[in-house]
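Peer 1: Pasting a structure here, questions to come.
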Amino acid sequence: MLDKPPVIVIDDEEHVRRSCAQSLDLAGFTPSTADCGEAALDQLARSFPGVLVTDVRLGGMDGMEFLAKVKELDEDIPVILITGHGDVSMAVEAMHQGAFDFLEKPFDTDRFIDAVSRAAQTRWLVLENRRLSSKLNARSGIDSVLLGQAPIMVQLRDQITTMAQTDADILIMGETGSGKELVARCLHDFGPRKDKHFVAINCGALPESMIESELFGHVAGAFTGAAKTRVGKFEHAQGGTVFLDEIESMPLDLQVGLLRVLQERTVEPLGANTSIPLDIRVIAATKVDLLEACSTGKFREDLYYRLSVMTANIAPLRERAEDIASLFQHFVAIASTRQRRTSPALNAALIEQLMQYPWRGNVRELRNAAERFVLDLEPIPGLTSSANADAQAACAGATSLHERVECFEKSLIETELRSNRGNVTETCRSLAVPRKTLYDKLTKYGLKRDTFTI
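Printed below as a string of structure tokens:
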């Protein structure tokens, strides 16, 4: 949440304004006051990051009219109403009209600060969601496909952008659900072969008896049941890209044929006597250590070295925890559109759960969690039960809520500094914090802005 969030207190009694402002200042807020609703409206904008506290009975515009005007400007700005004893029914009606809370005079200071704190937290989450959505919508090119601002993802995008312009065969390595096919599609879509076919083949899903025919094709009469000529996947991809997913599942005898295709760039359909020249790029993907598979005789070493002219490693989601919240929000927006539902808002408790979860299924599991969230189901089943005792905190060594919040805060500052190339003014603006506060945070977390200027 913002350091010292602003709070505007509107009341036509000076002693009430002074008392509320003093309590707010002691509680760490930045208070200001107004004696009428019209004066307060002049201070507001859709980007207002704080909370409004107003008496129901005011000279001129009353609290209900003021609430309506605020909702016209931004329906998510929290408004807390102060009511006299006779105004309780009116305050209840105001809650139905969108007021955040109401306090009956004389109210307890602790209750007042608690209400303002909850409202400020809600407002911060709304603005943070908007900021993340804006950044997601503003991305273009490969940034709009391979999402994430963690350093390891920025590096991967740069690597893919460079690789895409070459014709070398590539081996993609990553855990299940990490996005290997998405990376393969980026290599195709952002390269010179983008207007040709992208042919994806799951080597683990093809029946062993048919895989050779599927890949290389056959001529009529090549075997029993081959009534007509069939064009294989490699030939169909002419001019484009062949993506071999789960390459570790390919039978050893077929690996010999694949090696020949890669070396000679020709394919000979089953039953044919002539070879067909190929103009293709081959991208393979694996979730296992292929060198280890080579050492145990499960994969051909010569094929491994032929496939891995260039390699790309996809980091598991747990190693880029700072991207979890924005990715989850992105998937929630997609799921909401597909399910024809309103996107539910994220809250602090859910973000904490997302950051804590180990995500063994990586981005695919996160997408499924977002789908369940949109459908009003538990995003991560059993997370709060003892079954989740083995879940590791996203930040190493962070165990308490305070430590996790600090870890998240540090990651957010690093992300904005990196995005703004170390520009303190722009970072203060994007984080909506004073310059002194940002410098204090940099000192606290040992961050140097110069390291983000490259």
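For the sequence shown, this note's numbering assigns the number 336 to the initial residue and increments by one for each residue that follows.
For glycine and all other residues, C-beta sits at the position ideal for the given N, C-alpha and C.
These figures come from a predicted structure and were not determined experimentally.
#1: With DSSP as the reference, label Asn537 as helix, strand or coil.
#2: Count the other CB atoms, across all protein chains shown, that sit within 10 Å of the CB of Pro527; report buried if there are 16 or more and exposed otherwise.
#3: Output needed for Ser678: all residues of its chain with C-beta closer than 6 Å, excluding positions within five of it in sequence on either side, in chain order.
#4: Is the beta carbon of Ile618 sitting closer than 7 Å to the one on Phe578?
#5: Mapping the DSSP letters down to three states, classify His553 as helix, strand or coil.
#6: Does the pairing of the stretch 500 to 518 with the stretch 645 to 655 give three or more beta-carbon distances under 8 Å?
#7: According to the Cβ coordinates, are Glu599 and Cys538 closer than 7 Å?
#8: I'd like the list of long-range same chain contacts for Arg770, defined as Cβ closer than 8 Å, with 5 residues on each side in sequence excluded.
#9: Would Glu549 pass as a contact of Lys568 if the rule is Cβ separation under 7 Å?
#10: Give the list of continuous beta strand (DSSP E) stretches no shorter than 3 residues that lie fully inside the stretch 358 to 382.
#11: Kindly indicate which three-state DSSP category Thr559 falls into: helix, strand or coil?
#12: What did DSSP end up calling Met396 once you bin it into helix, strand or coil?
#13: Starting from Trp645, follow its DSSP beta bridges and name the residues at the other end.
#14: Tell me Phe578's beta-bridge partners as DSSP assigns them.
#15: Around the Cβ of Leu540, are there at least 16 other Cβ atoms within 10 angstroms (buried) or fewer (exposed)?
#16: Could you tell me which residues DSSP pairs with Pro341 in its beta bridges?
#17: Please name the residue, chosen from Ile345, His350, Lys531, Ala705, that lies closest to Ile659 on a Cα-to-Cα basis.
#18: What is the DSSP secondary structure of Val414, reduced to helix, strand or coil?
#19: Would you kindly work out how many angstroms separate the C-alpha atoms of Arg392 and Asn682, rounded to a whole number?
#20: Is it the case that the Cβ atoms of Val342 and Gly394 are separated by a distance below 7 Å?
#21: Under 8 Å, with one C-beta from each stretch per pair, do the stretch 451 to 461 and the stretch 488 to 502 reach the 3-pair mark?
Peer 2: Let me lay it out:
#1: Reduced to three states, the DSSP call for Asn537 is strand.
#2: exposed
#3: Val667, Ala668, Ser671
#4: yes
#5: strand
#6: yes
#7: no
#8: Val759, Thr760, Cys763
#9: yes
#10: 365 to 369
#11: Note: Thr559 maps to coil in three-state DSSP.
#12: coil
#13: The sequence given here places Met at residue 645; Trp does not occur at that position. Looking at the DSSP assignment, Met645 forms a beta bridge with Ile505.
#14: Answer is Ala535, Ile618.
#15: Correcting the residue type first, residue 540 is Ala in the shown sequence and not Leu. Residue burial is scored here from C-beta neighbours: Ala540 has fewer than 16 other C-beta atoms within 10 angstroms and is therefore classed as exposed.
#16: DSSP, once it has assigned bridges, lists Thr365 as partnering Pro341.
#17: Checked all of Ile345, His350, Lys531, Ala705; the closest Cα to Ile659 is Ala705.
#18: strand
#19: Going from the Cα of Arg392 to the Cα of Asn682 covers about 33 Å.
#20: Not closer than 7 Å, so no.
#21: Cβ pair count under 8 Å is below three, so no.
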